[in-house]
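Below is one structure, written out as structure tokens, with a few remarks after it.
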Amino acid sequence: TIGAPDPNGRQLDGMGGGISSLSKICVVAPTDRRDADIEFTFVQVGVKDDRIDYSGNCGNMSSAIGPFAVDTGLVRPSITSGGNATVSLYNTNTQKTIQATFPVTSDASETVYEGDFAIDGVSGTAAKIQLDFIDPGGSKTGKLLPT
């Protein structure tokens with residue numbers, strides 16, 4: 005589906021874009037965890053080879069999980085101040101929790117994507133999605149900082 009492996013690195017026969025930043029997948033599922041509303045597994049797909057990497061995470065992809073969970077009906081969050089909702093995400097790769105806060109409709113059934121939030125280097129504006137990484141240190145090394 006994503007067009008890998010492609011020895012030419014172009015991924016013309018799939019959804020990938022020929023570079024690693026465009027060859028990513030998130031598998032989203034309901035969770036039984038008490039500290040999360042939804043869980044997901046991040047998958048980095050090799051471009052020129054057939055490697056699949058489950059060891060990390062991606063902030064950009066993580067920012068899509070909360071809105072996806074709301075829009076598909078996997079979660080119905082409570083609305084906090086300012087019309088925002090916070091969805092607690094559990095990343096199975098890093099075994100870490102991320103709080104995603106973003107605007108939703110008044111009944112919390114859909115994400116509001118329109119907004120005036122801008123990111124340098126990204127064209128246009130949209131609604132702000134804020135990620136708070138809870139206890140982020142040590143997911144790969146067991147330590148906060150490498151030695």
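Under the numbering used here, the first residue of the sequence shown is numbered 5, with each subsequent residue one higher. For glycine and all other residues, C-beta sits at the position ideal for the given N, C-alpha and C.
Pop quiz: residue i and residue j are said to be a contact at Cβ under 8 Å. What is the actual Cβ separation, rounded to whole angstroms?
i    : j    : result
T129 : D136 : Going by Cβ atoms, the distance from T129 to D136 rounds to 22 Å, so no, they are not a contact pair.
I138 : I83  : The Cβ separation is near 21 Å, so there is no contact.
T98  : S143 : 4 Å
S27  : V49  : 4 Å
Would you call residue i buried or exposed, if buried means 16 or more other Cβ atoms sit within 10 Å of its Cβ?
i    : result
A89  : buried
A104 : buried
A40  : buried
N61  : buried
V126 : exposed
What's the C-alpha gap between residue i and residue j?
i    : j    : result
R4   : V91  : A query on residue 4 cannot be resolved here, the shown segment of the chain reaching from 5 to 151 and no further.
Y117 : T109 : 10 Å
C30  : V74  : 15 Å
P107 : K147 : 34 Å
D53  : S85  : 47 Å
D111 : A131 : 17 Å
Looking at residue j and residue i, is the spacing between their C-beta atoms short of 7 Å?
i    : j    : result
L93  : I133 : no
T115 : P71  : yes
F44  : I69  : yes
V51  : S24  : yes
Practice prompt. Output the residue ranges of the alpha helix (DSSP H) runs that lie fully inside the region 20-92 and measure 4 residues or longer, sorted by chain position.
Written response: 63-75
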